[in-house]
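Protein chains in written order, with full-length UniProt numbering: chain C, 1 to 492; chain P, 1 to 492; chain W, 1 to 492; chain V, 1 to 492.
4 protein chains.
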Amino acid sequence: MANDKEIRVDEIKKHNSDQDCWLVVNDNVWNLTEFAPQHPGGAAIIYKYAGRDASEAYNSIHAPSLLSTNLRREDNKGKFNTADAAASDPEWLKPPPTETRAIEVGAKPPLQTLINSYDFEGVASRTVTAKTWAFYSSAATDLITRDANKSMFDRIWFRPRLMRDVKHASTKTKILGCEVDLPFFVSPAAMAKLVHPDGEKALAAGCATKGVAQCISSNASFPVGEITSTQPNHPFFFQLYVNKDRAASEKLLAEVEAAGVKAIMVTVDAPVPGKREADERVKADAAALQRVPNSGATARNDNKGGGLGRTMGGYIDPTLSWKDVKWLRRSTKLPIVLKGVQSASDVKLAMDYGLDGVVLSNHGGRNLDTSPPSILTLLELNRLCPEVFSRMEIFVDSGIRRGTDILKCLCLGAKAVGMGRPFLYAVNYGAEGVEHFIEIMRDELETSMRLVGINSLEEAHPGLVNTLDLDRFVPSTMGDDDMKSVREKSKL
Amino acid sequence: MANDKEIRVDEIKKHNSDQDCWLVVNDNVWNLTEFAPQHPGGAAIIYKYAGRDASEAYNSIHAPSLLSTNLRREDNKGKFNTADAAASDPEWLKPPPTETRAIEVGAKPPLQTLINSYDFEGVASRTVTAKTWAFYSSAATDLITRDANKSMFDRIWFRPRLMRDVKHASTKTKILGCEVDLPFFVSPAAMAKLVHPDGEKALAAGCATKGVAQCISSNASFPVGEITSTQPNHPFFFQLYVNKDRAASEKLLAEVEAAGVKAIMVTVDAPVPGKREADERVKADAAALQRVPNSGATARNDNKGGGLGRTMGGYIDPTLSWKDVKWLRRSTKLPIVLKGVQSASDVKLAMDYGLDGVVLSNHGGRNLDTSPPSILTLLELNRLCPEVFSRMEIFVDSGIRRGTDILKCLCLGAKAVGMGRPFLYAVNYGAEGVEHFIEIMRDELETSMRLVGINSLEEAHPGLVNTLDLDRFVPSTMGDDDMKSVREKSKL
Amino acid sequence: MANDKEIRVDEIKKHNSDQDCWLVVNDNVWNLTEFAPQHPGGAAIIYKYAGRDASEAYNSIHAPSLLSTNLRREDNKGKFNTADAAASDPEWLKPPPTETRAIEVGAKPPLQTLINSYDFEGVASRTVTAKTWAFYSSAATDLITRDANKSMFDRIWFRPRLMRDVKHASTKTKILGCEVDLPFFVSPAAMAKLVHPDGEKALAAGCATKGVAQCISSNASFPVGEITSTQPNHPFFFQLYVNKDRAASEKLLAEVEAAGVKAIMVTVDAPVPGKREADERVKADAAALQRVPNSGATARNDNKGGGLGRTMGGYIDPTLSWKDVKWLRRSTKLPIVLKGVQSASDVKLAMDYGLDGVVLSNHGGRNLDTSPPSILTLLELNRLCPEVFSRMEIFVDSGIRRGTDILKCLCLGAKAVGMGRPFLYAVNYGAEGVEHFIEIMRDELETSMRLVGINSLEEAHPGLVNTLDLDRFVPSTMGDDDMKSVREKSKL
Amino acid sequence: MANDKEIRVDEIKKHNSDQDCWLVVNDNVWNLTEFAPQHPGGAAIIYKYAGRDASEAYNSIHAPSLLSTNLRREDNKGKFNTADAAASDPEWLKPPPTETRAIEVGAKPPLQTLINSYDFEGVASRTVTAKTWAFYSSAATDLITRDANKSMFDRIWFRPRLMRDVKHASTKTKILGCEVDLPFFVSPAAMAKLVHPDGEKALAAGCATKGVAQCISSNASFPVGEITSTQPNHPFFFQLYVNKDRAASEKLLAEVEAAGVKAIMVTVDAPVPGKREADERVKADAAALQRVPNSGATARNDNKGGGLGRTMGGYIDPTLSWKDVKWLRRSTKLPIVLKGVQSASDVKLAMDYGLDGVVLSNHGGRNLDTSPPSILTLLELNRLCPEVFSRMEIFVDSGIRRGTDILKCLCLGAKAVGMGRPFLYAVNYGAEGVEHFIEIMRDELETSMRLVGINSLEEAHPGLVNTLDLDRFVPSTMGDDDMKSVREKSKL
């Protein structure tokens with residue numbers, strides 16, 4: 001189906017602007033003029049290679065097959081002839097200089113010396129590129145929610161019961177119909193290839209070995225089918241950003257269902273992107289995207305900075321609302337979970353709409369600063385609508401870093417928890433890193449279970465935790481009155 | 001009307017003491033002997049130029065027309081003859097050395113790299129003079145209120161509702177009868193010329209472009225009419241310090257009404273100046289005002305230091321009280337708002353006195369340290385007298401730095417908020433800086449609205465915020481019992 | 001009455017041990033063998049000069065008259081003949097080397113540049129000797145109470161009332177029958193001569209000029225009569241440590257009554273000395289007391305360190321109890337106030353015993369660490385026994401540093417407050433420093449009064465402060481059950 | 001009974017692997033092949049000396065008699081001939097290099113300059129080996145419990161009563177039937193020989209002099225009988241880790257009873273070892289155990305790191321449960337106390353099971369991070385089951401560092417408290433250090449008693465402390481519902 005017409009370098013060189021933009025990718029020549037503005041990673045990076053060979057940059061992020069499955073056939077302009085003399089012109093071959101701090105694998109300490117999730121984070125901060133670090137580690141404005149996500153866990157005390165036979169401690173459970181060995185899953189995060197060439201595939205390999213479910217991002221570096229096919233019998237979920245072009249979303253849902261995915265997690269907390277200032281600033285100072293030499297891309301450097309997260313989210317539909325639940329149900333037979341729910345009020349709505357579960361999440365604190373730490377929302381459910389725990393599967397993510405954090409969520413009714421950034425920092429060491437990280441978390445979780453005196457996750461219950469330090473901050477009403485009714489009441 | 005009598009340098013030089021003090025300002029010779037002690041900026045700076053040409057220093061702060069509109073005709077002694085040989089005597093021309101750290105425009109980073117209000121503050125701290133920085137950034141004694149003004153906002157969690165169609169988010173509202181594009185206004189702050197030569201005019205230009213209301217200070221660098229005339233159709237308010245000389249205040253109110261101002265904000269929290277130690281200390285160490293070489297001004301360096309804020313407030317009437325509301329109403333037809341109210345008790349009084357609104361404010365923490373953060377006072381109104389929200393317009397200032405701060409105030413019933421220092425730090429880049437700053441705040445506010453799930457400001461309501469962490473500090477009684485009744489009760 | 005017998009250096013030199021210890025002080029020769037162990041400043045410093053001329057060291061701390069009024073006539077061995085050749089032997093004259101960091105008056109910044117109490121503290125920390133600094137600034141063990149004394153004031157918000165005519169603000173009040181200009185007094189602190197040669201006299205001079213009452217310490221550097229006689233019409237109080245030798249206390253009470261003192265403050269929170277580790281450590285490292293060359297004093301360097309405060313308190317009677325109130329009443333006609341009361345329970349007892357007042361104090365955090373901050377005890381009185389405010393005068397000390405602190409205490413029912421360390425740091429500049437410090441505090445207090453909207457101290461009342469942040473820590477019962485009744489109740 | 005067969009170096013050298021492992025210890029040759037894997041200190045340290053003379057290393061930790069009392073007779077291979085020429089081969093004699101930072105006694109400051117428990121801790125941190133420091137000072141994961149153990153004491157205020165005759169203050173009490181001079185005992189901690197060659201014997205010597213009870217660890221450096229025999233009339237307790245091999249525990253209990261021990265403290269909070277990351281990391285980086293040159297020990301460097309605490313606990317039985325109380329009672333006639341109880345629920349169970357006491361302890365924060373600070377558990381007993389105080393002896397350990405901490409526990413019903421790390425840091429100075437440390441604690445305790453106004457420990461009661469700052473975190477229910485009943489309730 002590929003276009004075999006041979007195209008010479010001299011021809012390619014002419015299409016070097018954002019109005020007329022051709023790129024060579026792995027021996028094929030593509031006209032990306034129309035696609036570029038829709039590129040999840042932003043148009044700038046495409047314009048940077050206008051009229052050049054972008055194979056190396058492309059391969060460092062994307063799977064080979066991604067272009068041919070996503071672009072129109074007519075955009076394939078033909079084959080690139082590597083025998084063409086001009087093709088070896090170093091001037092032409094060499095892309096404009098990009099950020100120099102490369103991933104230095106050699107600089108990483110031996111994997112065995114990493115003994116907790118913070119160790120992985122520390123290594124990542126020193127070994128991935130500055131832009132990648134800014135993109136993953138950043139969060140909304142003043143980082144209040146990001147930090148409270150974790151620190152609120154530390155304000156919950158256990159109430160351990162001793163003198164129980166704790167020889168055995170089983171961490172097995174069932175998530176959305178799938179048997180798993182551990183009550184945590186990989187939360188979806190974009191483009192794992194930024195960290196490791198095998199990206200989501202390496203995550204899948206590590207998770208499959210250890211029996212950990214993986215949720216694949218809409219912005220994954222590989223097509224979903226490519227990832228799932230590497231681990232045929234493994235439980236995968238798919239995270240969906242609903243596209244402004246609903247047909248595109250429908251097509252995608254059909255594809256992932258065919259790819260063997262077991263459930264859909266629809267992200268609902270990002271109708272517009274958050275303001276992640278660290279991400280925005282890297283562009284302003286030094287990011288590669290800024291140094292676009294030959295196109296209108298400079299004009300696209302907007303007043304807000306150079307946020308990768310913001311650029312990437314351009315296709316997300318801000319009109320998504322509860323009335324779309326019907327459409328979602330029509331578009332897939334898989335269980336549907338809403339990811340990013342932040343109030344008891346919305347969890348009840350989700351229950352009333354018959355959804356299969358919710359992920360209490362604030363997107364790792366990346367979207368709205370001072371949105372509530374997830375553990376606070378979990379406590380809100382316990383207080384205001386405990387019935388949801390028997391009607392839906394309640395998951396928690398944002399801020400989970402320790403086995404104790406996991407156990408606390410489970411004691412308070414969560415079915416399982418998600419971890420996003422920690423898995424990205426683990427895949428820095430490939431599949432082996434993912435396995436080592438999972439073993440660390442398993443060990444922490446088992447130790448915590450034994451030291452509070454339980455043998456299985458079913459035995460976790462609220463009486464094992466003392467949440468009084470947080471209970472003070474848990475609302476006692478749903479807060480659903482609108483301003484009109486509030487003002488009326490206040491007049492009485 | 002000007003006095004055309006020509007006056008020679010030799011004559012001017014003789015009037016070089018504070019008992020007999022003439023200055024040249026832009027070709028006119030003025031006798032400022034009587035005016036100097038009433039100078040809002042202090043007498044010292046005038047005495048410094050006694051018998052000299054003060055044009056340069058004057059123009060850096062004030063508008064050309066200010067002298068002729070504020071001084072008596074008889075104080076104009078005549079014209080200064082620049083052809084006079086002695087007029088070019090460098091010894092005479094050159095004023096005594098003043099502070100050397102000048103406003104270095106070149107040192108400012110490009111405006112586009114500033115992405116939040118703290119960036120503007122940081123730039124200002126490095127590029128305005130030390131005295132200007134001390135004057136604007138300082139606050140009362142131990143800075144407890146100044147810091148809590150902001151940090152208390154960070155202790156309020158949102159309760160976002162997801163799955164709402166948030167394609168549209170309108171920030172329009174109506175303040176004191178004026179349609180505006182954004183629910184925040186420029187809080188009055190003295191002498192913007194210290195930061196930028198166009199001062200309040202640059203603020204007006206930026207605000208007019210963006211539809212933001214501006215409140216002009218009694219101590220503005222330009223006469224009100226000069227500012228308002230630059231933006232004829234724009235909503236301006238005027239901040240009034242009531243003068244010990246009430247007739248002066250009446251004249252001023254008539255002028256500002258004629259100048260097209262739409263409302264009066266009467267400052268009530270500064271009957272005496274606060275103790276702003278950073279402002280006081282600059283004099284003690286290095287401020288220009290200290291180096292007065294030739295007059296009694298040295299004797300005016302008092303035991304408290306060199307506070308510009310304190311010196312400037314000398315004319316404010318500490319006897320202002322509720323019985324003056326009648327006088328205020330008589331003196332202007334414009335809506336009257338009390339600025340600086342800090343208790344539910346006083347807000348109720350304001351309502352009972354039929355005032356049009358209040359600004360809950362502690363003067364940015366500049367007057368009484370440990371006065372309550374404004375958000376605490378807003379919560380107090382919600383608890384103790386919610387009826388005021390439907391009877392008056394409630395505004396909030398002090399500590400607003402983020403779009404989330406604004407939205408929280410609006411959820412709790414505020415009509416709009418004021419920002420003072422942030423606008424001064426923005427005008428450091430002139431009108432363009434003001435526009436960029438407003439765009440940043442608009443973007444933060446719109447993002448916050450969308451991420452909590454609302455489309456317009458009317459939809460903001462208390463159920464969208466979790467204020468439990470602050471509710472503990474909100475009084476449950478008005479606290480109006482005096483000591484006698486307290487002691488009597490305690491005897492029971 | 002002096003002994004005129006002439007004594008030669010050769011004779012004096014023989015009495016150079018702690019078993020036989022003569023010293024020359026200002027031309028008199030004293031046998032201090034019996035007195036040394038009772039010396040409030042410790043025996044070591046006396047033994048250091050055994051057989052030598054101690055005039056210089058003596059005069060740096062004590063008044064000339066102190067020896068003759070405190071020692072037995074028979075201990076005066078005679079006159080010292082300065083014409084004696086051996087008297088000018090530098091070897092004999094020169095005392096063993098003492099600490100080298102002297103009071104460098106030249107190093108002090110100009111008094112006018114000090115604008116708050118912390119400035120005085122900072123200067124003192126740099127200009128008094130290390131031992132003096134350790135003695136005054138130190139507090140018990142982990143400094144928790146010392147620091148909370150101040151920080152708890154910062155957790156009280158004012159509830160200002162605006163639009164009151166605040167032209168006038170009177171700080172006058174009446175303390176224990178004495179009219180004073182300000183509602184604060186000098187809390188007793190030992191040996192002000194360590195800071196300034198005029199010590200308590202300089203304090204008295206400054207206080208008299210400004211109308212501030214002064215409480216003189218049992219361990220003052222001058223006899224009480226010498227201090228009071230310098231300011232005949234000024235209100236002085238006397239702080240009493242009850243002596244193990246009750247007759248000594250009776251004699252002292254008679255003397256101070258004769259000296260014109262107006263009230264007695266009996267310290268009750270120091271039956272044993274607190275553990276002030278900074279004070280203890282200075283000896284261990286470098287203090288002068290350590291370097292006693294010629295006596296058994298070395299053996300007195302005990303295992304606890306070298307605390308001046310501890311050494312000084314050796315004569316205090318730990319058996320003092322409520323039954324001694326009768327004895328106190330018998331021993332003086334003056335009003336009696338208990339200083340150091342720390343519970344509502346004891347304040348009620350004091351009321352029942354008919355005492356005239358109490359000072360809520362924890363000795364500046366110097367005795368028992370985690371004893372309650374005084375403001376907490378004041379709140380406890382408001383909650384548990386408000387009737388005491390109309391039956392006794394309630395004073396507060398420990399941690400007062402700002403005018404706002406004073407006003408908060410007065411709003412909560414205190415009659416006046418005491419300040420100890422701040423006055424010592426002020427007398428570092430002599431009487432002039434004391435006056436400047438008082439003016440600073442007066443200005444802060446008046447400003448606070450005006451900004452909360454009151455004209456006189458009588459108008460202060462609880463409704464002007466929001467103490468909710470501390471109310472959580474105020475007990476709701478007296479806590480007077482003993483363990484037996486507690487255990488019995490718990491069995492029910 | 002020893003085997004007198006003479007064995008030459010050449011023979012010994014052959015048994016130099018972990019499959020065939022002989023060591024010389026003090027002239028005896030031992031075959032440790034079978035024992036090594038059960039070695040409480042880990043096999044690695046034994047394999048390190050395979051085929052060599054390990055006397056020096058052995059003696060630095062263990063008592064001479066330990067081997068012969070713990071090993072089978074047949075493992076004694078014979079006598080080592082020191083006259084053997086090869087025995088003086090320095091190559092053979094010298095063990096592989098171990099960690100170089102040795103205990104430098106010279107580096108310690110004079111004992112008299114240490115005035116509180118933190119001083120001892122500081123000296124230990126600088127003078128013991130890095131591995132010893134890591135082992136003793138480390139705690140579980142994020143150190144939250146370790147730090148809160150102490151800081152929560154600092155949030156309790158005293159409510160002192162003054163004007164009591166406090167000349168006398170008796171610290172005597174009775175613990176588990178034994179008269180002691182002080183209400184604190186040595187909490188069990190492993191291998192004191194790491195700190196001082198006389199280890200637990202030096203502790204015993206110091207404690208006996210001062211009348212302080214000592215609890216000996218299962219992992220002590222000396223056999224219990226050797227320790228107790230040095231201080232015949234002193235109260236010792238024994239801490240038991242129940243062995244997977246119950247017969248071994250039974251034998252041990254018989255031995256310690258014979259050795260004169262007065263009570264058994266069964267540790268129940270360590271069925272599995274905690275994750276002490278500092279301890280784990282020392283191996284990973286530099287610890288001696290890592291550098292095992294000639295054996296399979298390297299393979300034992302597992303993925304978790306090199307924790308000494310974890311290695312040492314391998315024999316502990318995780319199946320220990322309440323049904324084993326009967327077995328414990330059968331195995332000893334001594335009083336039995338459970339150590340490590342952390343909930344009111346378990347304390348009640350202990351009472352119902354007829355046990356003699358409990359130690360509220362979280363193992364110094366070393367096992368489960370965010371397990372509750374002991375003082376919180378003590379407050380929970382006061383709230384939920386105060387009847388236990390009259391039915392059992394309640395002890396507290398974890399975080400006691402000051403005399404005030406002790407007194408607070410006693411006021412809240414504890415019979416006595418334990419201190420572990422502080423005593424280890426004290427024995428750094430041998431028995432003399434222990435005595436000095438006890439004197440410091442006694443002085444702090446007596447001072448605290450006097451300053452709150454009591455003469456004996458029986459007078460301590462809850463009314464002397466204000467625990468409101470912690471009461472907020474004390475549960476009001478036992479929390480014994482399991483998840484099933486929780487879910488059922490929530491459905492109602």
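Even glycine gets a Cβ: it sits at the ideal position worked out from N, Cα and C.
The Cβ atoms of A63(P) and P223(P) sit closer than 9 Å to each other. Residue pairing by DSSP places C411(W) in no beta bridge whatsoever. For G309(C), there is no enclosing beta strand (DSSP E); the enclosing alpha helix (DSSP H) has its first and last residue at L308 to M312. In the three-state scheme derived from DSSP, where H, G and I count as helix and E and B as strand, K275(V) is classed as coil. Listed along chain V are K275, N303 and K304, each with a C-beta nearer than 9 Å to that of D443(C).
D20(V) and K108(V) have their C-alpha atoms some 42 Å from each other. Counting only the Cα atoms, A270(W) lies some 21 Å from E439(V). When A208(C), E280(C), K323(C) and T82(C) are compared, the shortest CA-CA separation from I12(C) is found for T82(C). Straight across, the Cα-Cα distance linking F389(V) with V266(V) is about 19 Å.
For L182(V), the closest of A192(V), I175(V), A190(V) and T171(V) by C-alpha to C-alpha distance is T171(V).
The continuous alpha helix (DSSP H) containing F423(C) extends over residues R421 to A426. For D75(W), there are no C-beta contacts with chain V under 7 Å, since the nearest C-beta of that chain is about 30 Å from it.
Every alpha helix (DSSP H) of 4 residues or more that sits fully in the segment 155 to 229 of chain W is shown, in chain order, as 199 to 210 and 224 to 228.
Sequence-ordered contacts of the segment 139 to 167 of chain V with chain W read F153, D154, R155, I156, W157, F158, R159, P160, R161, L162, M163, R164, D165, V166 and K167 [C-beta pairs closer than 9 Å]. For R421(V), the closest Cβ of chain W is not nearer than 9 Å. Among the CB atoms of chain V, none fall inside 9 Å of the CB of D198(W).
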